[in-house]
Amino acid sequence: MSETFPILLFATLYSVLLFVVAWQVERNKERNKQWLQRWRPVVYSLALAVYCSSWTFFGAVGQATGKLWSYLPIYLGPMLVFLFGHQFLRKLMRVGERQKVTSIADFIG
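In the working numbering, the protein residues as written are 3 to 111.
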(Lines of atoms letter the chains of each structure in order from A; the text may use other names.)
(Lines give C-alpha, C1' and ligand atoms only; values in the text may rest on other atoms or scores of the structure.)
Protein backbone atom coordinates (compact mmCIF):
# COMPACT_ATOMS: atom_id res chain seq x y z
CA MET A 3 0.00 0.00 0.00
CA SER A 4 2.77 2.44 0.87
CA GLU A 5 4.48 1.89 -2.50
CA THR A 6 1.36 2.72 -4.51
CA PHE A 7 0.46 5.89 -2.63
CA PRO A 8 3.17 8.12 -4.19
CA ILE A 9 2.24 6.85 -7.66
CA LEU A 10 -1.44 7.55 -7.11
CA LEU A 11 -0.63 10.95 -5.65
CA PHE A 12 1.57 11.89 -8.62
CA ALA A 13 -1.03 10.67 -11.13
CA THR A 14 -3.75 12.66 -9.37
CA LEU A 15 -1.64 15.82 -9.21
CA TYR A 16 -0.73 15.46 -12.87
CA SER A 17 -4.39 15.05 -13.84
CA VAL A 18 -5.34 18.09 -11.77
CA LEU A 19 -2.55 20.11 -13.43
CA LEU A 20 -3.82 19.16 -16.90
CA PHE A 21 -7.38 20.09 -15.93
CA VAL A 22 -6.36 23.45 -14.44
CA VAL A 23 -4.32 24.39 -17.50
CA ALA A 24 -7.16 23.50 -19.88
CA TRP A 25 -9.73 25.27 -17.71
CA GLN A 26 -7.67 28.46 -17.45
CA VAL A 27 -7.02 28.55 -21.18
CA GLU A 28 -10.70 28.13 -22.05
CA ARG A 29 -11.93 30.53 -19.39
CA ASN A 30 -9.59 33.40 -20.22
CA LYS A 31 -9.14 32.90 -23.95
CA GLU A 32 -9.85 36.46 -25.08
CA ARG A 33 -8.36 38.24 -22.09
CA ASN A 34 -5.01 36.47 -22.04
CA LYS A 35 -3.81 36.30 -25.65
CA GLN A 36 -0.18 36.98 -24.63
CA TRP A 37 -0.34 34.39 -21.88
CA LEU A 38 -1.61 31.84 -24.37
CA GLN A 39 1.22 32.57 -26.80
CA ARG A 40 3.83 32.23 -24.06
CA TRP A 41 2.45 28.96 -22.60
CA ARG A 42 1.49 27.28 -25.88
CA PRO A 43 4.62 25.04 -25.91
CA VAL A 44 3.83 23.86 -22.39
CA VAL A 45 0.26 22.98 -23.37
CA TYR A 46 1.46 21.06 -26.42
CA SER A 47 4.07 19.25 -24.34
CA LEU A 48 1.43 18.18 -21.83
CA ALA A 49 -0.80 17.01 -24.68
CA LEU A 50 2.07 15.00 -26.13
CA ALA A 51 2.73 13.47 -22.72
CA VAL A 52 -0.92 12.42 -22.42
CA TYR A 53 -0.84 10.91 -25.90
CA CYS A 54 2.32 8.94 -25.25
CA SER A 55 1.18 7.92 -21.76
CA SER A 56 -2.11 6.50 -23.01
CA TRP A 57 -0.38 4.57 -25.80
CA THR A 58 2.13 3.23 -23.33
CA PHE A 59 -0.64 2.08 -21.03
CA PHE A 60 -2.67 0.43 -23.78
CA GLY A 61 -0.05 -1.06 -26.02
CA ALA A 62 3.63 -0.25 -25.90
CA VAL A 63 4.40 -2.29 -22.80
CA GLY A 64 2.81 -5.39 -24.28
CA GLN A 65 4.50 -4.85 -27.61
CA ALA A 66 7.89 -4.33 -26.01
CA THR A 67 7.69 -7.67 -24.23
CA GLY A 68 6.91 -9.52 -27.48
CA LYS A 69 9.01 -7.60 -30.01
CA LEU A 70 11.63 -5.35 -28.51
CA TRP A 71 11.64 -2.47 -31.04
CA SER A 72 8.00 -2.50 -32.16
CA TYR A 73 7.03 0.18 -29.64
CA LEU A 74 9.44 2.76 -31.05
CA PRO A 75 7.05 4.27 -33.68
CA ILE A 76 4.56 5.13 -30.92
CA TYR A 77 7.06 7.64 -29.55
CA LEU A 78 9.02 8.45 -32.68
CA GLY A 79 6.00 9.59 -34.74
CA PRO A 80 4.77 12.37 -32.42
CA MET A 81 8.31 13.52 -31.68
CA LEU A 82 9.10 13.90 -35.37
CA VAL A 83 5.84 15.74 -36.04
CA PHE A 84 6.50 18.20 -33.22
CA LEU A 85 10.15 18.66 -34.20
CA PHE A 86 9.82 18.96 -37.98
CA GLY A 87 6.12 19.44 -38.73
CA HIS A 88 5.58 22.99 -37.48
CA GLN A 89 4.18 24.22 -40.80
CA PHE A 90 1.86 21.23 -41.10
CA LEU A 91 0.57 21.68 -37.55
CA ARG A 92 0.10 25.41 -38.11
CA LYS A 93 -1.96 24.79 -41.27
CA LEU A 94 -3.94 22.07 -39.51
CA MET A 95 -4.77 24.43 -36.63
CA ARG A 96 -5.73 27.25 -39.00
CA VAL A 97 -8.13 25.00 -40.92
CA GLY A 98 -9.57 23.65 -37.67
CA GLU A 99 -10.20 27.14 -36.29
CA ARG A 100 -11.70 28.37 -39.56
CA GLN A 101 -14.05 25.39 -39.87
CA LYS A 102 -14.90 25.35 -36.12
CA VAL A 103 -14.18 21.63 -35.75
CA THR A 104 -14.15 20.10 -32.29
CA SER A 105 -13.03 16.54 -33.01
CA ILE A 106 -11.02 14.51 -35.48
CA ALA A 107 -14.25 13.10 -36.91
CA ASP A 108 -15.49 16.64 -37.62
CA PHE A 109 -12.16 17.51 -39.20
CA ILE A 110 -12.21 14.48 -41.51
CA GLY A 111 -15.89 15.15 -42.37
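Don't be surprised by glycine CBs; every beta carbon is placed ideally from N, CA and C.
Do V83 and L74 come within 9 Å of each other at the CB atom, strictly closer than that value?
no
Could you spell out where the alpha helix (DSSP H) holding S17 opens and where it closes?
T6 to R29
Does the Cβ of A24 have 16 or more other Cβ atoms within 10 Å, making it buried, or fewer, making it exposed?
exposed
Range covered by the alpha helix (DSSP H) that runs through L94:
H88 to Q101
Is it buried or exposed, A13, if we count other Cβ atoms within 10 angstroms and call 16 or more buried?
exposed
Does T67 come out as helix, strand or coil in the three-state DSSP assignment?
helix
Let me know if A62 comes out buried or exposed under the rule of 16 or more other beta-carbons within 10 Å of its beta-carbon.
buried
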